[in-house]
Amino acid sequence: MLNFDTILPGENDDNCRDPKYLYSLLKNTVAAFRDVHQELEDLKHVQLENECLIGYLSQRLAIYHLGDFATLPHAILLRIFRDALPPPWLLSGSKTLLPNPLDISWVDLRTKLSILAVCKSWNRVGTELLYERVTLRRILHLSVFVRALESREGLGALVRHLNVDCFVPHGYSRLYGTETERILKLCPNLSHIGVSPPFWIPGLPCLLPPMSSTITSLEFSRGFPYSTILPFLVELSHNLKSLVLSLPAVDDQHPALTFDKLEVLGLDVDNESEFPASKWRIPALRRLWVSFHGVRHHEILTHLLEAYGATLTSLRLPRTSREFHVQPLLDRCPLLESLTLHEDAAKSVHHQTVKFIDIFCVEKPRADSLEARFPSLRRYRNLAFMASMFRDLPFPDEKEPQAENSEPEEAAAGDPNEDEPESTKIQGEEEIIKVLESLPEMLEFMDPRSVHGLATDNFGEFYWGWEDIPQRRSDYDSDGCSYSESDAITVSEDLADLNDAVRADGEDREIGHDEAIELFYSTRTLESPNTLL
Numbered sequence: 001m002l003n004f005d006t007i008l009p010g011e012n013d014d015n016c017r018d019p020k021y022l023y024s025l026l027k028n029t030v031a032a033f034r035d036v037h038q039e040l041e042d043l044k045h046v047q048l049e050n051e052c053l054i055g056y057l058s059q060r061l062a063i064y065h066l067g068d069f070a071t072l073p074h075a076i077l078l079r080i081f082r083d084a085l086p087p088p089w090l091l092s093g094s095k096t097l098l099p100n101p102l103d104i105s106w107v108d109l110r111t112k113l114s115i116l117a118v119c120k121s122w123n124r125v126g127t128e129l130l131y132e133r134v135t136l137r138r139i140l141h142l143s144v145f146v147r148a149l150e151s152r153e154g155l156g157a158l159v160r161h162l163n164v165d166c167f168v169p170h171g172y173s174r175l176y177g178t179e180t181e182r183i184l185k186l187c188p189n190l191s192h193i194g195v196s197p198p199f200w201i202p203g204l205p206c207l208l209p210p211m212s213s214t215i216t217s218l219e220f221s222r223g224f225p226y227s228t229i230l231p232f233l234v235e236l237s238h239n240l241k242s243l244v245l246s247l248p249a250v251d252d253q254h255p256a257l258t259f260d261k262l263e264v265l266g267l268d269v270d271n272e273s274e275f276p277a278s279k280w281r282i283p284a285l286r287r288l289w290v291s292f293h294g295v296r297h298h299e300i301l302t303h304l305l306e307a308y309g310a311t312l313t314s315l316r317l318p319r320t321s322r323e324f325h326v327q328p329l330l331d332r333c334p335l336l337e338s339l340t341l342h343e344d345a346a347k348s349v350h351h352q353t354v355k356f357i358d359i360f361c362v363e364k365p366r367a368d369s370l371e372a373r374f375p376s377l378r379r380y381r382n383l384a385f386m387a388s389m390f391r392d393l394p395f396p397d398e399k400e401p402q403a404e405n406s407e408p409e410e411a412a413a414g415d416p417n418e419d420e421p422e423s424t425k426i427q428g429e430e431e432i433i434k435v436l437e438s439l440p441e442m443l444e445f446m447d448p449r450s451v452h453g454l455a456t457d458n459f460g461e462f463y464w465g466w467e468d469i470p471q472r473r474s475d476y477d478s479d480g481c482s483y484s485e486s487d488a489i490t491v492s493e494d495l496a497d498l499n500d501a502v503r504a505d506g507e508d509r510e511i512g513h514d515e516a517i518e519l520f521y522s523t524r525t526l527e528s529p530n531t532l533l
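Residue 301 in the UniProt record's numbering is what sits at position 301 of the sequence shown, and the numbering runs on without skipping anything.
Put into structure tokens, the structure is as follows:
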């Protein structure tokens, strides 16, 4: 620090009048100021160097982290992103009549499309996630999906879990059969197939092709013709591990079937159902869930547990009448570990080996009462009735059931879709029931090319990737962003856009593959990125 007291002479100093002295003093003062200025400049230079060094190190750190993520092995990225996606049990309960972009299934899809847009390595992972589990909700989607599989080699091998949930109108049954056959040929690694249309027109031919021996999981919705299902049960009975269908009305001509490997069975029971005790042999059954749409459930439940209760470890019982005694059913299940039931039945039952209990209830049961009646109990949950749409809600300390179609080292999504129990209430249910009741009459007056969606279906969009874009870019496998929001498309299947006549001589004519593709592109609308995602 410059000290002026040591430089300037005092007032009485005689040297103040000496010119030589004053010149020397001024010279020394300038030199001192020069030193101070140089020190300040050096300090500013050091500060600037520190700022540059901090910025450089920050950039290097960011590049280092980006490089780490970009070079992670494919299998590690798959595990990370599968944990970031909705779990299989949540997706299995999200099947709705009218698709909604806010549904968990659409959130799952948008997440996968976002992964595609990051870089080359993430694009490959996102493609595998996008195609390993496919749900086709509209009849035209079958043709578009076939076109995507044929346009890029290797996509079909990624598909393991396929749900064909589209409604088949008049004039499309042949297209439904031929396109399904092509899909099965293009997807050699399929292990699950679900056929769950919201409605099947009575008397409409159902032309499903033969299925590969790799199929270990089948699901068919309520009302799907059992005459169509039976050949597949005969063909795949020795391979199936999971089966979901409506319990049929079995006659004496029904063949005897042995399901050697079947572990999961979901049954939808109505008033016409007959339990095929002498026709179905299932020696290794572990998980059973039942839903009712009739009044004969007591008899069916008794027969089911008499036949299969000895090997069950997981049982989900539907809501029963207050007069029905559930305890005799549980007595037939000595190995039971997981039990799901409604509050009326839970008040009086007991079991020695049950470890996990789910109770759909309004009033919370007393924990001490449950512990006294279930001595092996580890966890129990009180669930709202809305949660009954989900079949496999894992307990925190219970290993989540592995999907039928997943590899041993992977946690792929593959549980078959959930039935919708009677207790599950959704908004607008009465209006939907009215639509379904009047649907057969409506179909008689509707053009076959105009029945893919309701006129009021504002959520009937279908999102797809680059495979179905005619002028798709060739850089989808390059570094950097490989997918943009503008590449995704939506299909709005408004009746007003589908008004071309396809009837000839008063009869329906069948739609072909090329015509379906043309119709798909003629009715799709490109949305803005904000609207799309």
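Cβ coordinates follow ideal geometry from the N, Cα and C atoms, glycine included.
Keep in mind it's a predicted model, so treat the numbers as computed, not measured.
- Under the rule that a run must span 3 or more residues, the beta strand (DSSP E) segments found entirely inside the stretch 192-257 read 192-195, 217-220, 242-246.
- DSSP places H141 in the uninterrupted alpha helix (DSSP H) bounded by 139-151.
- The C-alpha of T302 lies about 12 Å from the C-alpha of C333.
- Ranking V264, P255, E219 by CA distance to the CA of K241 puts V264 first.
- A check of alpha carbon separations from A310 across D331, T320, F292 identifies D331 as the nearest.
- Taking one beta carbon from each stretch, the stretch 304-319 and the stretch 287-294 have 3 or more pairs nearer than 8 Å; the two touch.
- For P394, the closest alpha carbon among the candidates N271, N28, L339 is that of L339.
- For I183, the secondary structure class from DSSP, reduced to helix, strand or coil, is helix.
- Collapsing the DSSP output to three states places T311 in a helix.
- As DSSP reads the structure, G126 sits in no beta bridge.
- A direct Cα-to-Cα measurement between I215 and S321 gives close to 38 Å.
- S213 places its beta carbon less than 7 Å from that of N239.
- With 16 or more other CB atoms across the displayed protein chains lying within 10 angstroms of its CB, G156 is buried.
- Distances from the CA of I139 to each of L116, T180, S121 were compared; the closest alpha carbon is that of T180.
- For S92, the uninterrupted alpha helix (DSSP H) segment begins and ends at 88-92.
- With contact defined as three or more Cβ pairs closer than 8 Å, the stretch 111-119 and the stretch 138-154 are not in contact.
- The secondary-structure analysis by DSSP pairs Y23 with nothing; it has no beta-bridge partner.
- Per the Cβ contact rule, the stretch 367-378 is not in contact with the stretch 272-284 (fewer than 3 Cβ pairs under 8 Å).
- Here T71 carries a coil assignment [DSSP, helix/strand/coil].
- Look at G154 here: in three-state DSSP terms it is coil, with no helix or strand label.
- Remark: C-beta atoms of V134 and V159 approach each other more closely than 7 Å.
- In chain order, R373 place their CB closer than 6 Å to the CB of H350, counting only its own chain and leaving out the 5 sequence neighbours on each side.
- Of the other Cβ atoms in all chains shown, fewer than 16 fall within 10 Å of the Cβ of F33; this residue is therefore exposed.
- Y380 has I357 as its beta-bridge partners, per DSSP.
- DSSP, read as helix, strand or coil, puts L336 in coil.
- DSSP places D268 in no alpha helix (DSSP H) but in the uninterrupted beta strand (DSSP E) bounded by 264-270.
- C-alpha of D270 to C-alpha of L207: approximately 25 Å in a straight line.
- When secondary structure is reduced to three states using DSSP, L53 falls in the helix class.
- Distance from the CA of E219 to the CA of L77, rounded to the nearest whole angstrom, comes to 30 Å.
- Counted as a single uninterrupted DSSP element, the beta strand (DSSP E) harbouring R133 occupies residues 133-136.
- Within its own chain, the residues whose Cβ lies closer than 8 Å to the Cβ of L129, once the five positions on either side in sequence are excluded, are L78, F81, R82, L85, K112, I115, listed in chain order.
- Residue pairing by DSSP places V30 opposite no residue, since no beta bridge is assigned to it.
- Rounded to the nearest whole angstrom, the C-alpha separation of L336 and E371 is 16 Å.
- With respect to the 7 Å criterion, D165 and R182 are not classified as neighbours on the basis of their beta carbons.
- Between F199 and F167 a beta carbon distance of about 6 Å is seen, short of the 8 Å cut, so the two are scored as contacting.
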